[in-house]
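Here the sequence shown stands for residues 1 to 193, where the numbers follow UniProt numbering.
All C-beta atoms, glycine included, are put in the ideal place defined by N, C-alpha and C.
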Amino acid sequence: MKIVIINYGAGNIQSIMFAIERLGFKAVLSNNPEEIQAADKVIFPGVGEASSAMKKLKESGLDSLIPTLKRPVLGICLGMQLMCKSSEEGNTKGLDIFDVDVVKFTAKVKVPQMGWNQIYDLKSDLFKGISENEFMYLVHSFYAPNCDEAIATTNYELEYASALKKDNFYGTQFHPEKSGAVGEKILENFLKM
Numbered sequence: 001m002k003i004v005i006i007n008y009g010a011g012n013i014q015s016i017m018f019a020i021e022r023l024g025f026k027a028v029l030s031n032n033p034e035e036i037q038a039a040d041k042v043i044f045p046g047v048g049e050a051s052s053a054m055k056k057l058k059e060s061g062l063d064s065l066i067p068t069l070k071r072p073v074l075g076i077c078l079g080m081q082l083m084c085k086s087s088e089e090g091n092t093k094g095l096d097i098f099d100v101d102v103v104k105f106t107a108k109v110k111v112p113q114m115g116w117n118q119i120y121d122l123k124s125d126l127f128k129g130i131s132e133n134e135f136m137y138l139v140h141s142f143y144a145p146n147c148d149e150a151i152a153t154t155n156y157e158l159e160y161a162s163a164l165k166k167d168n169f170y171g172t173q174f175h176p177e178k179s180g181a182v183g184e185k186i187l188e189n190f191l192k193m
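Here it is as structure tokens:
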């Protein structure tokens, strides 16, 4: 199986690589469109600010490639947010895969949300073998509101979508690669799809 982690200069790539290796798989880092298209599974990570990350995707042409992929794609954190219609962060137009706009938490709560929080209302094979209310690791100031494509929910100030799915595209606001054995089980479920 060929696993490609999209390398566009905005990812927490090493921890994802190590988590995949611990599961007994090998992944390659690439920003090469042909290599990404030929992959069996694609992971789209992201750490940082939405508008500068989108600028990097556009410079490499990956903004047009990613929405056309037919294999399973997993967006993590900012990767998931960039797969949405837009983000308030930097007033950024997204890849328009998920039909939701990313918005910022209000000043009523500490931002970023950083640390462990529960996921529930789990609605996908991505969560096969995962119990409701498991704790996942999150670091984010922006979120995708609950919507039809939500497959997991988290509460921080309000209930929001902590995971999304549409066709072959999945997104997690939390970091499965930093969420211990439960997070690695979610990664493994994705890799076995």
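Which runs of the alpha helix (DSSP H), 4 residues or longer, sit entirely within the region 54–95?
-> 62–65 and 78–82
Consult DSSP for V47 and reduce its assignment to one of helix, strand or coil.
-> On the sequence shown, residue 47 is found 47 positions in, with the first residue counted as 1. V47: coil per DSSP, three-state reduction.
Hey, how far is the Cα of N133 from the Cα of S30?
-> Translated into the one-based positions of the sequence shown, residue 133 becomes position 133. Translated into the one-based positions of the sequence shown, residue 30 becomes position 30. The alpha-carbon atoms of N133 and S30 are separated by roughly 34 Å.
Contacting residues, own chain, Cβ-Cβ under 8 Å from N7 (five flanking each side not counted) | Taking the sequence shown and counting its residues from 1, one reaches residue 7 at position 7. The residues are I13, L29, S30 and N31.
Measure how close the beta-carbons of A50 and T106 come, nearest whole angstrom, since I'm counting them as under 8 Å.
-> As a first step, residue 50 must be located in the sequence shown, where it is residue number 50. As a first step, residue 106 must be located in the sequence shown, where it is residue number 106. Going by Cβ atoms, the distance from A50 to T106 rounds to 18 Å, so no, they are not a contact pair.
Do I151 and L126 come within 8 Å of each other at the CB atom, strictly closer than that value?
-> Counted from its first residue, the sequence shown places residue 126 at position 126. Counted from its first residue, the sequence shown places residue 151 at position 151. Yes; because the gap between Cβ atoms is below 8 Å, this pair is in contact.
Between the region 106–124 and the region 69–77, do three or more beta carbon pairs fall short of 8 Å?
-> no
For S30, three-class secondary structure by DSSP = Here residue 30 refers to the residue found at position 30 when the sequence shown is read from its first residue. S30 falls in the strand class under three-state DSSP.
Do E88 and V102 have their CB atoms nearer than 8 Å?
-> Reading the sequence shown from its first residue, position 88 is the one you call residue 88. Reading the sequence shown from its first residue, position 102 is the one you call residue 102. Cβ distance < 8 Å, so E88 and V102 count as in contact.
Run through DSSP, which three-state label would A19 get?
-> Position 19 of the sequence shown, counted from the start, is the residue given in the question as residue 19. The answer is helix: DSSP assigns A19 an H, G or I state.
Helix, strand or coil at V182 [DSSP, three-state] | For the purposes of this step, residue 182 is taken as the residue at position 182 of the sequence shown. DSSP places V182 in the helix class (H, G or I) of the three-state scheme.
Could you name the residues that DSSP lists as bridge partners for N155?
-> As a first step, residue 155 is located in the sequence shown; it is residue number 155 there, counting from the start. Beta-bridge pairing links N155 to E159.
What three-state label does DSSP hand L122 in the structure shown?
-> Numbered from its first residue, the sequence shown carries residue 122 at position 122. Here L122 sits in coil by DSSP.
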